[in-house]
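Below is one structure, written out as structure tokens, with a few remarks after it.
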């Protein structure tokens, strides 16, 4: 890169931005290069970029796009050109915007605009492993930060299951057409399936859980096990299979430096591979390989299994929602499903279809069409189908424009069933879910939903979540506190409406939740204020030969009302009084910007 840049620089001068700032190239490594997972004969996938538009000043000048386009071509040729000594790397630049037909190098603004407006789902998957590998790496890191919202959504994006399922189906068709069943990367139970399992959870949850924003698959599998997104057995067999398959991949490529993933068809090649993998013969190697691939295939099928359509959804309810039936036939279908007032339900569906349903984009409308028959069938089986449906649809309307939430209910029948159950049991919970749609994620595991965490577990979880946020990121700290409160309040409400715990225990749980959040909030506020102003206190007693001992000022939060009486309900305010012992002689904080103790504690209370 430096050699090619110097060559162009000597002829054309320095590429500069409009304000005269010199521009350096940025090279992103994608795929296995980005993930630090290269094989012995891997291609390297590259994207070339530069920070700002502009031009060079020498001669007739070149635009920055032309300059960096020529640079990318020169680097690609230097690395990939075959000589008598071979070549350095095969370079693939087709992961760039617009693929092979797009410019070889793009400015940051154009890159960001492309991904936000035209980026496809598979490009989100590809960018997971993107890493600055050459040129101005600091600028490359800034570019990836700008692209992060495209890759990792701020909400839980369950639509990623559908997208990666479609991508895998496309790969499977290519595998079948090209006869690649024994391809250790793309074939059934191969490396790509292991990667897809980890990466779908990254795309779904990575925006809310930044620790999942990893490039390598093995750390991701370990995290998914720790977060209970994958069972321990699944994480173990996937890890073992991935390591085994990667060793096979390397052995295949080491022999003649060929970029191959196909198992050998000749006896000598098979025996060579078996021995290199530590097996005495081909049959035993093949048994081990098949065992790993079968396990991967089983886990992939569990994670990516297509949602099942109910019998009702495939028949009358599907037609009743879609509008293909006349009003009379639609009402008959609703009545057969179990609705007691089919006229009322038909009118509700008409309003939804002609109102909010018409304003969705194509993807959202398709997801709504898939969800509605399932929801109609589930609500029809409750004690009051019409009221349950009305409550559930209020949530659906609230979240429909962010259709990933619809995808969650489609992808996880258990989540849909818990959603309908809670809507049937409580209008308050339905309203709560409509206001806080992120909580739909809590419906995935009934073991957690109906088992509120004890105080010690609450404290550990909140400390862990806040520990992942920068110490000065107040907005994100508040977001963590809000979501933590909403999620655990929902769990308490779920146990209450299902009769799992008595009312007195509900108050205890809500009080514990409030106290844990108060304690964490106090700690955050104290840490932030003392970092700037020092700890409050006043001079104390004189110590012989050691100067004056400083007396720390105390602070306490006193609860009144329902919090003080351990009688909190879901809509309760917190009645609080703040006390401190910071009075006395010279009552100032001991820090770089000292404050009067009274001012310090007033600011502390305001911050809380």
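Residue numbers (my numbering): 1 to 608. Glycine included, C-beta positions come from ideal geometry on N, C-alpha and C. Owing to the predicted nature of the structure, the values given are computational and were not obtained by experimental measurement.
query, result
"Can you list, in chain order, the residues of its chain with a C-beta nearer than 7 Å to that of residue 417? Leave out the 5 residues immediately preceding and following it.", "378"
"Flag this pair as touching only if the region 206–223 and the region 238–258 have three or more C-beta atom pairs under 8 Å; answer yes or no.", "yes"
"Classify residue 589: buried if its beta carbon has 16 or more other beta carbons within 10 angstroms, exposed otherwise.", "buried"
"Enumerate in chain order the residues of its own chain whose CB-to-CB distance from residue 367 is below 7 Å, with the five nearest sequence positions on each side excluded.", "403, 406, 407 and 410"
"Measuring alpha carbon to alpha carbon, tell me which of 399, 454, 489 and 1 ends up nearest residue 442.", "489"
"Once you ignore the five residues that flank residue 479 on each side, which residues in its own chain have a CB closer than 6 Å to its CB?", "none"
"When DSSP labels each residue in this structure, what does residue 93 get in the three-state scheme?", "coil"
"Hey, how far is the Cα of residue 542 from the Cα of residue 596?", "Since pLDDT at residue 542 reaches only 44, below the 50 mark, its modelled position is unreliable, and the value read off the structure follows with that caveat. For residue 542 and residue 596, the distance between alpha carbons rounds to 22 Å."
"Could you compute how far the alpha carbon of residue 529 sits from the alpha carbon of residue 296?", "51 Å"
"Taking DSSP as the reference, what is the three-state secondary structure of residue 572?", "coil"
"Nearest-angstrom Cα distance between residue 257 and residue 188?", "24 Å"
"How is residue 314 classed by DSSP in three states: helix, strand or coil?", "For residue 314, the pLDDT reaches just 42, beneath the cut-off of 50, and the residue's location in the model is therefore unreliable, although a value from the coordinates is still provided. Residue 314 falls in the coil class under three-state DSSP."
"According to the Cβ coordinates, are residue 491 and residue 452 closer than 8 Å?", "yes"
"Along the alpha helix (DSSP H) that carries residue 500, what are the first and last residues, could you check?", "Premise fails: residue 500 is in no alpha helix (DSSP H) and is neither H nor E."
"What residue ranges within the region 350–388 form continuous alpha helix (DSSP H) runs of no fewer than 4 residues, ordered along the chain?", "362–380"
"Alpha carbon to alpha carbon, how far is residue 360 from residue 401?", "6 Å"
"Count the other C-beta atoms from every protein chain shown that fall within 10 angstroms of the C-beta of residue 233, then say buried if there are 16 or more, exposed otherwise.", "exposed"
"Checking the sheet assignment: what are the DSSP bridge partners for residue 83?", "86"
"What does the alpha-carbon distance come out to for the pair residue 591 and residue 552?", "13 Å"
"By Cβ distance below 8 Å, which residues in the same chain neighbour residue 18 in space, the five residues on each side in sequence not counted?", "52, 53 and 54"
"By the three-class DSSP mapping on this structure, what secondary structure does residue 429 have?", "helix"
"With a cut-off of 8 Å on the beta carbons, I'd call residue 28 and residue 97 a contact; round off their distance for me.", "At roughly 12 Å, the Cβ-Cβ gap does not stay under 8 Å, so residue 28 and residue 97 are not in contact."
"Between residue 567 and the rest of its own chain, which residues show a CB-CB distance below 7 Å, the 5 nearest in sequence each way excluded?", "507"
"From what residue to what residue does the alpha helix (DSSP H) around residue 287 run?", "282–304"
"Measuring CB to CB, does residue 495 end up less than 8 Å from residue 450?", "yes"
"May I have a chain-ordered list of the beta strand (DSSP E) segments no shorter than 3 residues that lie completely inside the region 19–60?", "26–30 and 44–50"
"Per the DSSP calculation, residue 579 is bridged to which residue(s)?", "556"
"The alpha helix (DSSP H) that contains residue 153, what's its start and end?", "Unbroken run through residue 153: none, as it is neither H nor E."
"Check whether the region 251–267 and the region 152–165 are in contact - that is, three or more C-beta pairs closer than 8 Å.", "no"
"Counting only beta-carbon atoms, is residue 68 nearer than 8 Å to chain B?", "The structure shown contains no chain B, having only a single protein chain."
"Does residue 153 pass the burial test, meaning 16 or more other C-beta atoms within 10 Å, or should it be called exposed?", "buried"
"Can you tell me whether residue 424 is buried or exposed, with buried defined as 16 or more other CB within 10 angstroms of its CB?", "buried"
"CB residue 343 to CB residue 353, shorter than 8 Å?", "no"
"Compare the C-alpha of residue 250 against each of 122, 302, 191 and 138 and name the closest.", "191"
"Using the C-alpha atoms, what's the distance from residue 84 back to residue 248?", "29 Å"
"Quick one: which unbroken alpha helix (DSSP H) runs of 4-plus residues sit fully inside the region 158–206? Chain order, please.", "159–178 and 191–205"
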